[in-house]
Amino acid sequence: MKSVEGDPTLQYPVLSLSAECRYDELCKALGGDGYFVRSVPEIERALTQAFQKTDGPSVINVIISTDSERKAQAHPWLTRSKV
Numbered sequence: 001m002k003s004v005e006g007d008p009t010l011q012y013p014v015l016s017l018s019a020e021c022r023y024d025e026l027c028k029a030l031g032g033d034g035y036f037v038r039s040v041p042e043i044e045r046a047l048t049q050a051f052q053k054t055d056g057p058s059v060i061n062v063i064i065s066t067d068s069e070r071k072a073q074a075h076p077w078l079t080r081s082k083v
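The numbers in full-length UniProt numbering rise by one with no breaks, and the one at position 78 of the sequence shown is 78.
Structural data, given as structure tokens:
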């Protein structure tokens with residue numbers, strides 16, 4: 001993942017989120033369990049732990065590569081812009 005030089009608060013618009021917005025930390029702050037994962041083994045561990053928790057919510061924040069290529073879709077409407 002590319003790193004941003006300088007202060008990110010001065011480079012992004014006010015209403016934008018970074019590529020690694022920490023939804024997991026928000027869940028923890030509200031009393032739930034949050035997991036920040038980047039790989040398949042981390043996802044597997046987070047899912048196992050989240051399913052064992054029965055007394056509150058869990059959030060699994062999966063970070064995907066911002067520069068990865070998209071998988072070819074069988075139907076063109078799946079990749080067409082909706083804007």
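Idealized CB from N, CA, C, for every residue including glycine.
In this text the structure is predicted, and so the values were computed from the model without any measurement.
In terms of residue numbering, what span does the beta strand (DSSP E) encompassing residue i cover?
i, result
"Y35", "33-37"
"I64", "Unbroken run through I64: none, as it is neither H nor E."
Identify whether residue i lies in helix, strand or coil by the three-state DSSP scheme.
i, result
"E20", "coil"
"M1", "Caution applies to M1, whose pLDDT of 46 falls short of 50 and renders its modelled position unreliable; the value that the coordinates give is listed next. Looking at M1 - three-state DSSP - the assignment turns out to be coil, as it is neither helix nor strand."
"Q11", "coil"
For the alpha helix (DSSP H) containing residue i, name the first residue and the last one.
i, result
"P41", "40-52"
Please indicate yes or no: does the CB of residue i lie closer than 6 Å to some heavy atom of the ligand PLP?
i, result
"L17", "In the structure on display, the ligand PLP does not appear, and there are no ligands present to speak of."
Under 8 Å Cβ to Cβ from residue i, same chain only, skipping five residues before and after it: list those, please.
i, result
"D33", "C27, Q49, A50, K53, G56, P57, S58, V59"
"residue 84", "One cannot answer for residue 84 here, as it falls past the ends of the chain, which runs 1 to 83."
Cβ contact check for the region 40-49 and the region 67-75: 3 or more pairs under 8 Å: These segments do not touch.
Segment contact flag, the region 53-62 with the region 70-81, C-beta cutoff 8 Å, min 3 pairs: The answer is no - the region 70-81 does not touch the region 53-62, with fewer than three Cβ pairs under 8 Å.
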